[in-house]
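Q: Here the sequence shown stands for residues 1 to 794, numbered as in the numbering used here. Structure below; questions to follow.
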Amino acid sequence: MGNNIGRLLPSSKPKHLIQLCQQKNFPSIGLTAESHDYKDKATIPLIWLDKNLDVATKDKLQELSNDVLYYTRPEPCIQHILSTERASRIFLVISGSYANEMLSQISRNVNAIFIYCFNPSKYEPLLEKYPRLVGIYTHLKELVKSIREKMHTVIERSSQVFSCYELKQKSIRDLSKESLSFLFFQLAKGILLKLPRTDDSKQKMLNECRFHYQDNEEELALINEFEKNYTAADAIHWYTKQCFIYKLVNKALRTEDIEQLYTYRFYITDLSTALTREYEEFKRQNHIDSIKVYRGVIFCSGELENLQENVGNLISMNGFLSTSLSRDIALSFILDTSSKSKDSVSVLLEIAIDFRLETVIFADVSKYSLFPEEEEILFDLDASFEISTVKQEKDIWTVYLKATDRGGDVAFKYIIGNDITETFLLLGKLVGGMGKYTAQSNEVPFMILDGIRHLHGIASVFFEEKGDYDKALEFYMEALKMEEKSLPPSHPEIGHSLHNIGLCYYKKYYYTQALEYQMRALHIRGENFDNLQMIGLIYYKQGNWEKALEFMNEALKFPNRNMSSVLNTMGVIYHKKGDLISAMKYYQHADARKNMAGIYFSQGDYDKAIEIFKDSDHPNDIHNRGLIYYRLGELEKALSCFIKALDLMPNEATILVSIGNVYKEKGKNKNALDYYQRAIEIQENSKSWEIVQTFNNIGLIYYTQKEYNFAMNYFMKALDLVDLTEIIDKAHILNNMAMIHYQQYELETSISYLKRALIIYKKILPLNHSFIKRTLYNIEIACEKQTLMGYTVL
């Protein structure tokens with residue numbers, strides 16, 4: 001995520017007001033919602049052209065798509081089709097009377113055409129002339145069924161069916177959404193297999209299926225058959241039927257719908273287990289080293305470019321991957337170009353499989369299929385492949401893939417990199433990272449109230465990823481209660497839950513509670529990196545530097561861990577203690593360049609401080625360079641750096657705040673307020689703690705303008721967010737509020753706020769710290785003025 005932009009040096013402030021120090025706001029992955037429509041309406045545009053538009057047909061077509069248009073005359077219909085950029089996706093239903101006129105003008109512009117008429121034989125010659133004419137229908141039920149099936153095919157072909165993972169990514173913790181999607185499919189099977197398989201989960205799945213297909217008698221009959229006769233041994237057979245279960249499971253996988261995957265876990269785990277069984281049988285019967293399989297797909301040009309750009313990287317298909325042993329059969333699925341859009345390309349995936357692989361599961365399912373001649377080979381969920389090369393041969397692009405075990409290695413590194421020992425906790429982390437749900441949503445993407453303690457863990461991580469620590473704590477506590485009832489007191493899972501609860505309290509700045517839970521976790525888990533590091537951080541935040549160093553040193557004894565954060569914190573502590581030699585040593589080991597720059601700055605070596613960031617084009621480093629100029633008072637140079645950094649990271653609240661700070665220093669308060677307000681919009685959406693600092697900064701501007709009511713309003717907003725904590729930011733805000741009351745001659749209230757700030761300062765800072773001295777001085781001045789005013793009144 002880049003370097004944490006920290007404070008280099010305290011800048012000069014008004015005598016009585018304390019401005020909160022700036023801190024890097026890590027850019028969070030924005031969470032976006034995917035609409036969940038159980039009716040599964042398509043987003044494909046649907047147009048009906050007919051002189052007589054009856055209500056019954058309208059209602060049925062409206063069920064198929066959320067985007068339906070109706071025309072009674074051909075001219076405006078043709079004009080719309082020729083003018084819209086989405087014409088290549090349009091499904092057109094026309095009456096027989098308009099067939100010849102419409103087909104002659106727009107047959108090449110739309111995706112599919114359906115004729116709905118009373119006399120089909122009259123229009124049958126058109127089927128040979130116009131390849132995009134799907135069929136001619138006299139009954140509404142047949143028409144609707146054909147449109148639905150064609151939409152299903154188009155959606156499947158047009159959806160991205162793969163996720164790539166760039167092997168050269170520097171940090172497993174800082175992944176793109178596509179890489180997180182790749183990891184999701186690497187881990188989904190293991191997560192689902194750990195969930196209990198019960199009759200209740202089967203019934204809930206079938207209820208969902210019935211709700212989905214409540215108007216489809218054919219599928220409802222199959223659902224009833226499944227309920228009556230299905231066994232785990234039938235899983236592959238039902239998948240190859242390509243009926244309701246095939247469609248719904250693949251939709252859930254394709255859209256990465258966590259709630260639906262949870263709903264269909266009963267069947268997914270059966271299918272995965274059956275494939276593993278068939279895989280072992282396949283290897284026993286085939287004494288060969290390798291095979292090649294094929295799949296024909298229609299991609300848009302952008303998806304093909306993505307594959308070309310990822311040659312040498314890993315790829316996973318978003319679900320169970322169906323292939324064929326026959327190259328010709330795979331090609332047959334893509335040689336028909338009648339329904340291809342202008343932006344589509346025909347792609348043949350050629351996959352080489354080495355039988356010595358350990359984690360790639362596939363099976364010959366032809367004996368279960370209604371079409372055994374297709375020689376189908378089906379891959380399990382977590383299969384991964386390496387993209388060897390991409391070549392064009394005439395009108396067909398061939399993507400050469402090689403099955404690999406490396407996807408499992410990446411998943412393992414992700415688990416280790418996130419310090420997660422419980423597989424279930426991965427799901428919440430991945431969901432948050434993938435941005436599948438809105439930050440405002442309070443719904444976990446599956447039914448967590450089944451009484452399964454593992455799901456409380458998932459819910460906890462989900463809310464923690466969203467920054468909703470209160471909700472996360474609620475679920476962590478519930479999970480802990482369940483664990484304490486069902487597990488021995490020293491069970492590792494209890495220790496893990498205690499650690500997570502402590503971590504949440506730490507993120508809420510409740511350091512006393514955080515320390516309590518971390519100590520309890522340490523007692524159960526024994527010495528380990530996570531607890532030792534966290535306890536060290538808590539002591540550091542509480543100002544107990546010796547204790548912090550003691551636990552940080554213990555954490556350093558654990559090898560093969562990322563020590564940079566520990567080393568950096570130790571450097572900061574020595575820096576605060578004035579031991580610059582030791583601080584520099586730890587900063588260098590941690591590669592903490594921003595803090596090294598801080599030491600050079602404090603020593604007056606400004607050139608060296610700037611040199612550290614001089615040649616970097618990374619927005620964080622440009623921002624840091626600007627911070628140095630800002631501390632030097634070179635505001636124009638600072639502003640230039642900040643604007644350049646903002647161009648590269650336009651939604652980075654910290655940079656917006658820095659620009660606001662420059663304008664505030666220049667006395668351009670209107671400009672400063674504009675940038676602060678832009679920062680607040682981002683900070684509110686991401687639940688960023690730095691919004692406290694921004695509220696404080698706005699309050700300071702209104703204070704200098706003597707608009708005390710506005711100033712107090714923003715100070716109160718900041719105080720509301722930190723009111724239950726005892727951190728230094730709270731003391732700063734109390735101090736600033738005291739100054740407003742002082743200016744308004746509300747001296748008793750002013751003194752009260754100053755005393756509250758002093759209590760916090762004394763808990764955190766050395767007694768000779770300037771903040772304590774300044775607050776004592778302010779209390780003295782306020783008391784003297786109070787005495788003077790009292791004397792005057794008498």
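Every residue gets a Cβ at the ideal spot worked out from N, C-alpha and C, and that includes glycine.
In chain order, what residues of the same chain lie with their CB nearer than 8 Å to the CB of Ile334, ignoring the 5 residues before and after it?
A: For the purposes of this step, residue 334 is taken as residue 334 along the sequence shown, with counting starting at 1. Same-chain partners within the cutoff: Gly296, Val297, Ile298, Ser346, Val347, Leu348, Ile396.
Q: Curious, which full-length alpha helix (DSSP H) runs of at least 4 residues does the segment 216 to 297 contain?
A: You should have 217 to 229, 235 to 240, 244 to 254, 258 to 263, 265 to 285.
Q: Nearest-angstrom Cα distance between Leu537 and Ala757?
A: Reading the sequence shown from its first residue, position 537 is the one you call residue 537. Reading the sequence shown from its first residue, position 757 is the one you call residue 757. Approximately 23 Å, taken between the alpha carbons.
Q: Could you compute how far the alpha carbon of Gly319 sits from the alpha carbon of Cys243?
A: The residue labelled residue 319 in the question sits at position 319 within the sequence shown. The residue labelled residue 243 in the question sits at position 243 within the sequence shown. Distance between the alpha carbons of Gly319 and Cys243 is about 16 Å.
Q: Does the separation of the CB atoms of Tyr855 and Ile106 fall below 9 Å?
A: Because the chain here runs from 1 to 794, residue 855 falls outside it and cannot be looked at.
Q: So if DSSP puts Thr404 in a beta bridge, which residue, or which two residues, is it bridged to?
A: The count along the sequence shown starts at 1 and reaches residue 404 at position 404. The partner list for Thr404 (beta bridge, DSSP) reads Ser384.
Q: From Val55, Ile698, Glu652, pick the residue whose C-alpha is nearest to that of Asn671; which is it?
A: As a working note, residue 671 is residue 671 in the sequence shown. Minimum Cα distance to Asn671 is reached at Ile698.
Q: Would you identify the three-state DSSP class for Gln533, choosing helix, strand or coil?
A: Residue 533 sits at position 533 when you count from the first residue of the sequence shown. Residue state, collapsed to three classes: helix.
Q: Put Glu780 into one of helix, strand or coil per three-state DSSP.
A: Taking the first residue of the sequence shown as position 1, residue 780 is located at position 780. Residue state, collapsed to three classes: helix.
Q: Using 8 Å for Cβ pairs, my map puts Val572 next to Met552. What's the rounded Cβ distance?
A: Taking the sequence shown and counting its residues from 1, the one referred to as residue 572 is at position 572. Taking the sequence shown and counting its residues from 1, the one referred to as residue 552 is at position 552. Contact flag wrong, Cβ pair sits at about 10 Å.
Q: Using the C-alpha atoms, what's the distance from Leu673 back to Asn661?
A: By one-based count along the sequence shown, residue 661 stands at place 661. By one-based count along the sequence shown, residue 673 stands at place 673. Going from the Cα of Asn661 to the Cα of Leu673 covers about 9 Å.
Q: Confirm, please, whether the CB-CB distance from Leu754 to Ile733 is below 9 Å.
A: As a first step, residue 733 must be located in the sequence shown, where it is residue number 733. As a first step, residue 754 must be located in the sequence shown, where it is residue number 754. No. Outside cutoff.
Q: Quick check: the Cα distance between Gln513 and Glu256, rounded to an integer number of angstroms?
A: To locate residue 513, count along the sequence shown from 1; it is residue 513. To locate residue 256, count along the sequence shown from 1; it is residue 256. Whole-angstrom Cα-Cα distance: 37 Å.
Q: Under a three-way DSSP split, which group does Thr694 fall into?
A: Here residue 694 refers to the residue found at position 694 of the sequence shown. Helix.
Q: From what residue to what residue does the beta strand (DSSP E) around Gly135 run?
A: The residue labelled residue 135 in the question sits at position 135 within the sequence shown. Counting along the chain, the beta strand (DSSP E) containing Gly135 begins and ends at 133 to 137.
Q: Starting from the C-beta of Tyr213, find all residues in its chain whose C-beta is less than 8 Å away, skip the five residues before and the five after it, and write them out in chain order.
A: Position 213 of the sequence shown, counted from the first residue, corresponds to residue 213. Here the set comprises Glu219, Leu220, Ile223, Phe244.
Q: Would the beta-carbon of Ile759 fall within 9 Å of that of Gln542?
A: Taking the sequence shown and counting its residues from 1, the one referred to as residue 759 is at position 759. Taking the sequence shown and counting its residues from 1, the one referred to as residue 542 is at position 542. Taking 9 Å as the Cβ cut-off, Ile759 and Gln542 do not qualify as a contacting pair.
Q: Exposed or buried, Thr775, counting other C-beta atoms within 10 Å across all chains shown (16 or more means buried)?
A: Start at 1 with the first residue of the sequence shown, and residue 775 comes out as number 775. Per the 10 Å Cβ criterion, buried.
Q: Excluding the five sequence neighbours on either side, which residues of its own chain have a C-beta within less than 7 Å of the C-beta of Tyr540, listed in chain order?
A: By 1-based counting over the sequence shown, the position of residue 540 is 540. Answer for Tyr540: Ala548, Thr569, Ile573, listed in chain order.
Q: Taking the C-alpha atoms as reference points, what is the distance between Tyr38 and Tyr703?
A: Residue mapping note: residue 38 aligns to position 38 of the sequence shown, counting from 1. Residue mapping note: residue 703 aligns to position 703 of the sequence shown, counting from 1. In this predicted model, Tyr38 has a pLDDT of only 32, less than 50, meaning its place in the structure is not dependable enough to derive any value.
Q: Let me know the secondary structure DSSP gives Leu357 once reduced to three states.
A: Looking up residue 357 in the sequence shown gives position 357. Three-state result, Leu357: coil.
Q: Does the distance from the CB of Ile325 to the CB of Glu375 come in under 9 Å?
A: Start at 1 with the first residue of the sequence shown, and residue 325 comes out as number 325. Start at 1 with the first residue of the sequence shown, and residue 375 comes out as number 375. The sequence given here has Leu at residue 325, not Ile. Yes, the pair counts as a contact, with Cβ atoms nearer than the cut-off.
Q: Can you find the residues in the same chain that come closer than 8 Å, C-beta to C-beta, to Arg132, ignoring five residues on each side of it along the sequence?
A: Residue mapping note: residue 132 aligns to position 132 of the sequence shown, counting from 1. Here the set comprises Ser107, Arg108, Val110, Asn111, Ala112, Ile113, Ser338, Ser339.
Q: What is the DSSP secondary structure of Glu350, counted as helix, strand or coil?
A: Here residue 350 is taken as the residue at index 350 of the sequence shown, counted from 1. Here Glu350 sits in strand by DSSP.
Q: Have a look at Cys77 and Leu127 and give me their C-alpha separation to the nearest angstrom.
A: Numbered from 1 along the sequence shown, position 77 holds the residue referred to as residue 77. Numbered from 1 along the sequence shown, position 127 holds the residue referred to as residue 127. Going by the C-alpha atoms only, they are around 21 Å apart.
Q: Start and end of the beta strand (DSSP E) containing Glu707?
A: Position 707 of the sequence shown, counted from the first residue, corresponds to residue 707. Note, Glu707: premise wrong, no beta strand (DSSP E); not H, not E.
Q: Spell out the partners DSSP gives Leu378 in its beta bridges.
A: Within the sequence shown, the letter at position 378 stands for residue 378. Beta-bridge pairing links Leu378 to Ser322, Ala363.
Q: Express the C-alpha separation of Asp59 and Ser104 in angstroms, rounding to a whole number.
A: What you label residue 104 is simply residue 104 of the sequence shown in a count that begins at 1. What you label residue 59 is simply residue 59 of the sequence shown in a count that begins at 1. Whole-angstrom Cα-Cα distance: 29 Å.
Q: Looking at the unbroken beta strand (DSSP E) that takes in Met317, where does it start and where does it end?
A: In the sequence shown, the residue the question calls residue 317 occupies position 317. Its beta strand (DSSP E) spans residues 314 to 317.
Q: By Cβ distance below 8 Å, which residues in the same chain neighbour Ala252 in space, the five residues on each side in sequence not counted?
A: Stepping through the sequence shown from its first residue, residue 252 is reached at position 252. Result list for Ala252: Gln260, Leu261, Thr263, Tyr264, in chain order.
Q: On the DSSP letters alone, give me the boundaries of the beta strand (DSSP E) that Leu92 sits inside.
A: For the purposes of this step, residue 92 is taken as residue 92 along the sequence shown, with counting starting at 1. Element bounds for Leu92: 91 to 95.
Q: If we count Cβ pairs, one from each stretch, closer than 8 Å, do we get three or more for the segment 736 to 754 versus the segment 512 to 526?
A: Taking 8 Å as the limit for Cβ pairs, the verdict is that the segment 512 to 526 does not touch the segment 736 to 754.
Q: Quick one: using the 10 Å Cβ neighbour count with 16 as the cut-off for buried, is Ile581 buried or exposed?
A: On the sequence shown, position 581 is the one that residue 581 refers to. With fewer than 16 Cβ atoms within 10 Å of its Cβ, Ile581 is classed as exposed.
Q: Between the C-alpha atoms of Asp409 and Glu386, what's the straight-line distance to the nearest angstrom?
A: The sequence position of residue 409 within the sequence shown is 409, counting from 1. The sequence position of residue 386 within the sequence shown is 386, counting from 1. One C-alpha to the other measures close to 13 Å.
Q: Suppose you measure from the CA of Glu63 to the CA of Val144; what does that come to, to the nearest Å?
A: Along the sequence shown, one-based indexing puts residue 63 at 63. Along the sequence shown, one-based indexing puts residue 144 at 144. Approximately 9 Å between the Cα atoms of the pair.
Q: Should Tyr476 go down as buried or exposed, given a rule of 16 or more other Cβ atoms within 10 Å for buried?
A: Within the sequence shown, the letter at position 476 stands for residue 476. Buried, because 16 or more other Cβ atoms sit within 10 Å of the Cβ of Tyr476.
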